[in-house]
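Remarks on the structure that follows.
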Amino acid sequence: MSNDILVVGASGAVGRFLLPRLQATGAGLVALSRQAQTDAPGLHWLRGGLTADLAPPPVESIICIGPLDLFADWLAAAATPALRRVVALSSMSADSKRDSLDAAERALAERLAAAEQRLAQRCAAAGVAWTVIRPTLIYGAGMDRSLSPVVRWARRMRLFPAIAGATGLRQPVHADDVAAACVAALAGAAAGRVVPLGGGERLSYAQMLARVRAGLQRVTFPLPLSIGLLRLVTRITGRGGGMVQRLNHDLVADNTVAQTLLGLRPRDFRPGSECWLADEDARAHRGPN
Numbered sequence: 346m347s348n349d350i351l352v353v354g355a356s357g358a359v360g361r362f363l364l365p366r367l368q369a370t371g372a373g374l375v376a377l378s379r380q381a382q383t384d385a386p387g388l389h390w391l392r393g394g395l396t397a398d399l400a401p402p403p404v405e406s407i408i409c410i411g412p413l414d415l416f417a418d419w420l421a422a423a424a425t426p427a428l429r430r431v432v433a434l435s436s437m438s439a440d441s442k443r444d445s446l447d448a449a450e451r452a453l454a455e456r457l458a459a460a461e462q463r464l465a466q467r468c469a470a471a472g473v474a475w476t477v478i479r480p481t482l483i484y485g486a487g488m489d490r491s492l493s494p495v496v497r498w499a500r501r502m503r504l505f506p507a508i509a510g511a512t513g514l515r516q517p518v519h520a521d522d523v524a525a526a527c528v529a530a531l532a533g534a535a536a537g538r539v540v541p542l543g544g545g546e547r548l549s550y551a552q553m554l555a556r557v558r559a560g561l562q563r564v565t566f567p568l569p570l571s572i573g574l575l576r577l578v579t580r581i582t583g584r585g586g587g588m589v590q591r592l593n594h595d596l597v598a599d600n601t602v603a604q605t606l607l608g609l610r611p612r613d614f615r616p617g618s619e620c621w622l623a624d625e626d627a628r629a630h631r632g633p634n
C-alpha cells in the first residue's frame with residue numbers, strides 16, 4: 346500500500362470511517378475538504394474543491410468518496426505522473442434510476458455512468474489501476490438523504506412512517522463497510538472492475554423502516570401511509586414520483602465480487618440511534634427522550 350494517499354471528499358459520511366482505517370495502516374494522508382479541518386499526525390488537510398486550480402499532490406493513490414463526475418473531469422485535466430491507482434465511489438443509482446419517472450433521477454443515472462466511463466478511460470490511458478465501487482443506500486453517519494431525514498422528522502414529531510405494501514427489497518450498507526471496501530480495493534485485486542456493494546441483508550422497504558424505528562431508543566408512534574396516498578401526493582405536487590415508483594422495486598447489489606475479490610462481509614442492517622447522528626447532532630445529543 347502506498348504511503349501517499351489523497352482522499353477526496355474526506356469530510357463526508359464515508360470519510361468519517363475511512364480516514365481512521367487509513368491512518369491505522371500508517372499511510373501518509375492528504376485529505377481534501379471544502380471546509381477547514383485540523384491536521385493530525387499523518388494527516389494533512391487541503392481546503393478546496395475539485396477545480397482547475399487545484400494542483401494534485403504527488404501521491405501514488407487517490408480515493409474519491411466525493412462527487413464522481415467532478416472528480417472524473419478534474420482528474421482528466423490534472424497532471425499526476427506519480428499516480429498508480431484510483432478508487433472511486435459511484436452509486437447503484439447509475440443502474441437503479443435509469444428508468445425513473447423523475448427526469449432528474451434519470452439524468453443522475455446517466456451522469457454517474459458517464460463519469461465511470463470517463464474515469465476508466467483516463468486511467469487506462471495513463472496506465473493507472475482503477476476500481477469503481479457502487480454502493481447501495483449508505484447509512485451510519487447521519488448524513489444520508491434517504492433515511493436520516495426521516496429519523497430527524499420522526500424525532501421531532503414522535504411519528505414514524507409505516508408504508509403498507511412497500512415490498513421492494515433494500516440492502517442498505519453501513520458507511521464503515523464502504524470505507525473498508527475502499528481500503529481493500531487499494532491492494533488492486535479488483536482493478537479494472539466496477540464493484541457493486543450492498544449491506545449484508547436484504548429486506549423490504551417496510552421492514553427497513555421498521556428496523557430504523559426499532560433502533561431509535563425513542564418512543565414514536567406509527568404513521569400509516571399507503572402507496573396509493575403517496576402516488577396521489579406526487580401527482581398533486583409533481584415531486585417524488587421516482588421515489589414512490591421504486592417502493593415496490595428491488596434496489597439491491599450482488600456482493601459476489603466484493604466478497605471474492607475484496608474479502609468483504611458487510612454487516613446486517615441493525616442500526617442503533619448513533620447511526621443517524623451527524624457530528625453536530627452527536628455533540629448536542631443528550632440521551633434518549
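Under the working numbering, the letters of the sequence shown match residues 346 to 634, in that order.
Glycine included, each C-beta is placed from N, C-alpha and C at the ideal position.
When rounded, the separation of the alpha-carbon atoms in Gln-604 and Arg-610 is 6 Å. For Leu-531, the three-state secondary structure derived from DSSP is coil.
If you ignore the 5 residues before and after Ser-549, its C-beta comes within less than 8 Å of the C-beta of Ala-511, Thr-512, Gly-513, Leu-514 and Arg-515, all in its own chain and listed in chain order. Here Ala-433 carries a strand assignment [DSSP, helix/strand/coil]. Counted as a single uninterrupted DSSP element, the alpha helix (DSSP H) harbouring Val-589 occupies residues 586 to 590.
For the region 441 to 500, the full-length beta strand (DSSP E) segments reaching 3 residues or more read 474 to 480 along the chain.
In the same chain as Asp-384, and ignoring 5 residues on each side of it, the C-beta atoms closer than 8 Å to its own belong to Trp-390, in chain order. Contact between Leu-364 and Leu-374 holds, since their C-beta atoms are separated by about 7 Å, short of 8 Å.
Per the coordinates, the alpha-carbon of Gly-394 lies some 34 Å from the alpha-carbon of Asp-613. When DSSP states are grouped into helix, strand and coil, Gly-373 belongs to the strand group.
In the structure shown, Ala-526 falls within a helical segment according to DSSP collapsed to helix, strand and coil. Collapsing the DSSP output to three states places Pro-403 in coil. DSSP lists Arg-479 as the bridge partner or partners of Pro-541. DSSP places Asp-398 outside any beta strand (DSSP E), giving it a letter other than H or E. Taking the Cα positions, Gly-543 is about 5 Å away from Thr-481. Under the DSSP assignment, Phe-416 falls in the alpha helix (DSSP H) whose first and last residues are 413 to 422. Beta-bridge analysis with DSSP links Ser-356 to no other residue. The continuous alpha helix (DSSP H) containing Ile-572 extends over residues 572 to 582. DSSP places Phe-362 in the helix class (H, G or I) of the three-state scheme.
In the three-state reduction of the DSSP assignment, Arg-558 falls in the helix class.
With a cutoff of 8 Å on beta-carbon distance, Pro-506 and Leu-568 are scored as near each other. Pairing Ser-445 with Arg-479 gives a Cβ-Cβ distance that is not under 8 Å. Here Arg-501 is exposed, its C-beta having fewer than 16 other C-beta atoms within 10 Å.
In this structure, Val-432 sits away from Thr-370, with a CB-CB distance that is not shorter than 8 Å. Annotated as proximal: Ala-486 and Arg-361, with beta-carbon spacing under 8 Å. Taking a C-beta distance under 8 Å as the contact criterion, Met-437 and Pro-517 do not qualify as a contact pair.
Around the CB of Trp-621, 16 or more other CB atoms lie within 10 Å, so the residue is classed as buried. For Ala-507, the uninterrupted beta strand (DSSP E) run begins and ends at 504 to 509, by DSSP. According to DSSP, residue pairing for Leu-514 in a beta bridge involves Ser-549. Here DSSP, grouped into helix, strand and coil, assigns Asp-521 to helix. By alpha-carbon distance to Ala-536, the top candidate from Ala-469, Leu-577, Arg-366 and Ala-421 is Ala-469.
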